[in-house]
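Number of protein chains: 2
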Amino acid sequence: MRITNSTPKADGFYMPSELAKHRCTYLLWPEREDNWRFNAEYGQAAFKEVIQAIAKYEPVVVGVNKSQYLNLLEMNMPNVQIVEISNNDSWIRDTGATFVVNGYGRMRAVDWKFNAYGGLVNGLYFPWDQDDYIAPKMAAIEAVDYYHLTDFVLEGGSVHSDGEGTILTTEETLLDPGRNPEMTKEQIEEKLKEYLGAEKVLWIPKGIYMDEDTNGHVDNICQFVAPGKVVLAWEDNPEDPQHERSQMAYDYLSSQTDAKGRQLEIIKIHVPNPILITEEESKGVDVVEGTFPRRPGDRLPASYINYYNCNGAVILPVFNDPHDQAAIDTLQQCFPDKVIEPIYAREILLGGGNIHCITQQVPLP
Amino acid sequence: MRITNSTPKADGFYMPSELAKHRCTYLLWPEREDNWRFNAEYGQAAFKEVIQAIAKYEPVVVGVNKSQYLNLLEMNMPNVQIVEISNNDSWIRDTGATFVVNGYGRMRAVDWKFNAYGGLVNGLYFPWDQDDYIAPKMAAIEAVDYYHLTDFVLEGGSVHSDGEGTILTTEETLLDPGRNPEMTKEQIEEKLKEYLGAEKVLWIPKGIYMDEDTNGHVDNICQFVAPGKVVLAWEDNPEDPQHERSQMAYDYLSSQTDAKGRQLEIIKIHVPNPILITEEESKGVDVVEGTFPRRPGDRLPASYINYYNCNGAVILPVFNDPHDQAAIDTLQQCFPDKVIEPIYAREILLGGGNIHCITQQVPLP
Numbered sequence: 000m001r002i003t004n005s006t007p008k009a010d011g012f013y014m015p016s017e018l019a020k021h022r023c024t025y026l027l028w029p030e031r032e033d034n035w036r037f038n039a040e041y042g043q044a045a046f047k048e049v050i051q052a053i054a055k056y057e058p059v060v061v062g063v064n065k066s067q068y069l070n071l072l073e074m075n076m077p078n079v080q081i082v083e084i085s086n087n088d089s090w091i092r093d094t095g096a097t098f099v100v101n102g103y104g105r106m107r108a109v110d111w112k113f114n115a116y117g118g119l120v121n122g123l124y125f126p127w128d129q130d131d132y133i134a135p136k137m138a139a140i141e142a143v144d145y146y147h148l149t150d151f152v153l154e155g156g157s158v159h160s161d162g163e164g165t166i167l168t169t170e171e172t173l174l175d176p177g178r179n180p181e182m183t184k185e186q187i188e189e190k191l192k193e194y195l196g197a198e199k200v201l202w203i204p205k206g207i208y209m210d211e212d213t214n215g216h217v218d219n220i221c222q223f224v225a226p227g228k229v230v231l232a233w234e235d236n237p238e239d240p241q242h243e244r245s246q247m248a249y250d251y252l253s254s255q256t257d258a259k260g261r262q263l264e265i266i267k268i269h270v271p272n273p274i275l276i277t278e279e280e281s282k283g284v285d286v287v288e289g290t291f292p293r294r295p296g297d298r299l300p301a302s303y304i305n306y307y308n309c310n311g312a313v314i315l316p317v318f319n320d321p322h323d324q325a326a327i328d329t330l331q332q333c334f335p336d337k338v339i340e341p342i343y344a345r346e347i348l349l350g351g352g353n354i355h356c357i358t359q360q361v362p363l364p
Numbered sequence: 000m001r002i003t004n005s006t007p008k009a010d011g012f013y014m015p016s017e018l019a020k021h022r023c024t025y026l027l028w029p030e031r032e033d034n035w036r037f038n039a040e041y042g043q044a045a046f047k048e049v050i051q052a053i054a055k056y057e058p059v060v061v062g063v064n065k066s067q068y069l070n071l072l073e074m075n076m077p078n079v080q081i082v083e084i085s086n087n088d089s090w091i092r093d094t095g096a097t098f099v100v101n102g103y104g105r106m107r108a109v110d111w112k113f114n115a116y117g118g119l120v121n122g123l124y125f126p127w128d129q130d131d132y133i134a135p136k137m138a139a140i141e142a143v144d145y146y147h148l149t150d151f152v153l154e155g156g157s158v159h160s161d162g163e164g165t166i167l168t169t170e171e172t173l174l175d176p177g178r179n180p181e182m183t184k185e186q187i188e189e190k191l192k193e194y195l196g197a198e199k200v201l202w203i204p205k206g207i208y209m210d211e212d213t214n215g216h217v218d219n220i221c222q223f224v225a226p227g228k229v230v231l232a233w234e235d236n237p238e239d240p241q242h243e244r245s246q247m248a249y250d251y252l253s254s255q256t257d258a259k260g261r262q263l264e265i266i267k268i269h270v271p272n273p274i275l276i277t278e279e280e281s282k283g284v285d286v287v288e289g290t291f292p293r294r295p296g297d298r299l300p301a302s303y304i305n306y307y308n309c310n311g312a313v314i315l316p317v318f319n320d321p322h323d324q325a326a327i328d329t330l331q332q333c334f335p336d337k338v339i340e341p342i343y344a345r346e347i348l349l350g351g352g353n354i355h356c357i358t359q360q361v362p363l364p
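As they're listed, the protein sequences go chains A and G. Heads up: the first sequence is residues 0 to 364, going by numbering that gives the first Met the number 0. Heads up: the second sequence is residues 0 to 364, going by numbering that gives the first Met the number 0.
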């Protein structure tokens, strides 16, 4: 049932860390031809690899439009459930429910307002009506009540929680005029605290260079590997525009403490070399007015930080790039008990995001 | 995941009685205008009453086509979850999964083949493609594997299980040429035993008079109120065609023992007086070639036996008929600890079934 007269914080609920134990992972099946080249055939193959990698470690639920249901059902993948969830695109990190728990075995969901990354100001596609109902559908399948916001736009990929009171976000996304232009930074911070059950919000200035789709989501530049410890997308070359962005994030995070008063330990993971959209890749995408274009030569916002933590593994995007191995090694050191599962993810990146963007965890309450 | 290389019986699973404790009840939301008069407005009101009555006693999940999702979501009913399940009509007793358990906390589903009550021979509507995928969708939401049959047509409303090895069915439905004409009665019986984990099948000859939609489903004429004890739809008047059908059922059941060797105790519940479709009711239904017509003056297959057992109550169709009270009293005697919830159900009957037909239980494994 929909809850509108209270907030998670008021009711004792908070967003656990992605590292806390999961019941399952949700994904949505890619389909739209104005974003996924060649009728999404390549994108679907990449998503399938991600689904199967996660399903080795925890149950997976894949939501799909009616039009693609049978295609997916017939794959009959072990530990994977196929449910109908009508959608405009497949970024469930951003459109899906954020689950909150109370530490006493109960779970609820948060249903943020979604406007396709900027609505009529600078959104990526139109309409986004189906995407705005993905959260209540997930809550229904998980049989939990949900907090429904009508006055606050947020994508899940623009916030991380350490599960101990600290939220990571970026000013670039949350202060963008396409989300909540009538709200001050302080008012936005208050919403995050109320609906994520948190005490402190850390505001990294900017996201990854050219992450124009999302206006710089935090989940492409920085992520907790433990409370008090983050990995940060890094670029050594001062000539590369990413360098300044990474340096700003580093400087900011070095100057802050978290909700528990801890100084943050910052581990750098170098980004891959610049990845540009090819002529061939661009021409496979239908050009539609109102949908974000995929032009040849455009640089893609590639980063290893957009990995996904599942129960026993890290599902890591790699790019056949000289920096792949360092990312694998660094994350293996961060998570000595987890398997690192690298997946070649250029195809997901071409759609505008990566593995973290296409996954959403349901915690074990 | 789909299981095709085994059967419930081989794996130690069986269909529990509807009287066993439930996790929840599923319904589908009525919509089609060639079956539910006046754009299904009246039908939806009746379904809503049933949903809310059940939700007082156990969680309810309502599956809905995308087109009606927001209508239902906005009702925001307590203890009711709204999920997308594309469907051709709303008889989830017949189209939904049959859940089987193993007595050790595990559950699976059975996904029968569905052909709209007779396929191209004497089916009720065309196409029925969405209805044939309701079972795997329910299994997915319940996060259980499902047995998938491609060679055997069955509607859930044509079988009852006492949970102790006995199945009740009717010859009229299961031997109808629109289901499995290539199979003998013995082969059909074998399928029921294998997929319902049963030992014995009791074959009542015929269902309710004029139950032409379903060709005489058992769930309109007879139901277990306990192992070894059934209620039977009865008609005293020997001039009424229902009398002979009820008498045949009585005689057959009196001559049989169940899987445990028990003689069956038979309790009669008199049917309501004949209910005919009015001019006004008929004209609200779109007339479409290939869909079963609702003609003025046609007698409806009204029966109190099409009630639904939920955890603490019996949801009972009533008809503002002089026989209503006797049905209520008899069922209250059968279930002294349950609440009898009578619901005026003419509108559901007009669509071709009643409360049992529009509900499907998920047992607590």
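No residue lacks a Cβ here, since even glycine has one placed at the ideal position from N, Cα and C. Just so you know, these numbers come straight off a predicted model, no measurement behind them.
Using a beta-carbon distance below 7 Å, is A:Lys65 in contact with chain G?
-> Closer than 7 Å to some Cβ of chain G, the Cβ of A:Lys65 qualifies, so yes.
G:Ile187 - DSSP class collapsed to helix/strand/coil = Helix, per DSSP.
Just mark G:Pro271 as buried or exposed, buried being the case when its beta carbon has 16 or more other beta carbons within 10 Å.
-> Under this definition G:Pro271 is a buried residue.
Option nearest A:Asp235 by Cα separation, candidates A:Ala312, A:Lys282, A:His322 | Selected option, being the one with the closest Cα: A:His322.
Are the Cβ atoms of G:His159 and G:Phe98 separated by less than 7 Å?
-> Against a cut-off of 7 Å, the Cβ pair of G:Phe98 and G:His159 comes out as no contact.
In chain G, which residues lie less than 7 Å from A:Lys136 when you measure between Cβ atoms?
-> Within chain G, the residues whose beta carbon sits less than 7 Å from that of A:Lys136 are Val82, Glu83, listed in sequence order.
Are the beta-carbon atoms of G:Ala54 and G:Glu346 separated by less than 7 Å?
-> No.
Stretch-stretch touch, CB-based, cutoff 8 Å, three pairs: the stretch 77-86 of chain G with the stretch 134-146 of chain A = The stretch 77-86 of chain G vs the stretch 134-146 of chain A: in contact.
Would you list the residues sitting across from G:Arg107 in a DSSP beta bridge?
-> Note: G:Arg107 is bridge-paired with G:Val99 in the DSSP secondary-structure output.
Helix, strand or coil: how does DSSP classify A:Ile50 here?
-> Correct three-state label for A:Ile50: helix.
Go to A:Val120, then tell me how far its alpha helix (DSSP H) extends in each direction, as first and last residue.
-> From DSSP, the alpha helix (DSSP H) with A:Val120 extends over 118-121.
Through-space distance from A:Asn4 to G:Glu288, alpha-carbon basis = The straight-line gap from Cα to Cα measures roughly 49 Å.
How about A:Ile140: is its C-beta nearer than 7 Å to some C-beta of chain G?
-> Cβ-Cβ to chain G under 7 Å: yes for A:Ile140.
Helix, strand or coil at G:Thr256 [DSSP, three-state] | G:Thr256 falls in the strand class under three-state DSSP.
How would you write the range of the alpha helix (DSSP H) that A:Arg426 sits in, first residue to last?
-> Absent from the model: residue 426 of chain A. The displayed extent of chain A is 0 to 364, so no value can be given.
Out of curiosity, what's the CA-to-CA distance linking A:Ala134 and A:Ile2?
-> If I take the Cα positions, the gap works out to 13 Å.
Pick from A:Leu349, A:Gln359, A:Thr358 that is closest to A:Gly42, judged by C-alpha positions | Measuring from the Cα of A:Gly42, the nearest candidate turns out to be A:Leu349.
What are the start and end residues of the alpha helix (DSSP H) that includes G:Ile327?
-> Unbroken alpha helix (DSSP H) run through G:Ile327: 323-333.
Cβ-based contacts, 8 Å cut-off: residues of the stretch 67-78 of chain A near chain C | Protein chains in the displayed structure are A and G, and chain C is not among them.
First and last residue of the alpha helix (DSSP H) that includes A:Ile140?
-> Boundaries of the alpha helix (DSSP H) around A:Ile140: 133-140.
Identified DSSP bridge partners for G:Asn308 | In DSSP, G:Asn308 forms a bridge with G:Val313.
Whose CA, out of A:Ile357, A:Val229, A:Ile342, lies closest to the CA of A:Phe334?
-> That would be A:Val229, whose Cα lies nearest to the Cα of A:Phe334.
Buried versus exposed, by CB contacts within 10 Å (16 or more), A:Tyr103 = Under this definition A:Tyr103 is an exposed residue.
From A:Leu195, A:Gln331, A:Asp93, A:Leu252, residue whose alpha carbon lies closest to that of A:Gly11 = The option with the nearest alpha carbon to A:Gly11 is A:Leu195.
Contact set for A:Ser245: own chain, Cβ-Cβ below 7 Å, skip 5 residues either direction = Same-chain partners within the cutoff: Leu231, Ala232, Trp233, Glu234.
Examine chain A for any beta-carbon lying closer than 7 Å to the beta-carbon of G:Arg1, and answer yes or no.
-> By this cut-off, G:Arg1 is an interface position.
Is A:Leu18 helix, strand or coil by DSSP?
-> Note: A:Leu18 maps to coil in three-state DSSP.
Based on the DSSP secondary-structure assignment, which residues constitute the bridge partners of A:Cys221?
-> A:Cys221 pairs with A:Leu231.
Starting from the beta carbon of A:Tyr132, find every residue of chain G whose beta carbon is closer than 8 Å, and list them in chain order.
-> Those are Tyr68, Leu69, Leu72, listed as they occur along chain G.
Alpha carbon of G:Ala96 to alpha carbon of G:Val109, nearest angstrom = Cα-Cα distance, rounded: 6 Å.
Just how far apart, CA to CA, sit A:Leu26 and G:Met14?
-> Rounded to the nearest angstrom, the gap between the Cα atoms of A:Leu26 and G:Met14 is 32 Å.
Could you list which residues in chain A have their beta carbon closer than 7 Å to that of G:Pro58, in chain order?
-> Ordered by position in chain A, the residues that pass the 7 Å Cβ test against G:Pro58 are Ala142.
Simplified DSSP assignment, three categories, for G:Glu340 = G:Glu340 falls in the strand class under three-state DSSP.
Mind pulling the alpha helix (DSSP H) runs of 4 or more residues that sit fully within the stretch 143-181 of chain A?
-> Fully enclosed alpha helix (DSSP H) runs of no fewer than 4 residues occupy 170-173 of the stretch 143-181 of chain A, in order along the chain.
Where does G:His369 sit, in a helix, a strand or coil, going by DSSP?
-> Examination of residue 369 of chain G is not possible in this model, given that chain G is present from 0 through 364 alone.
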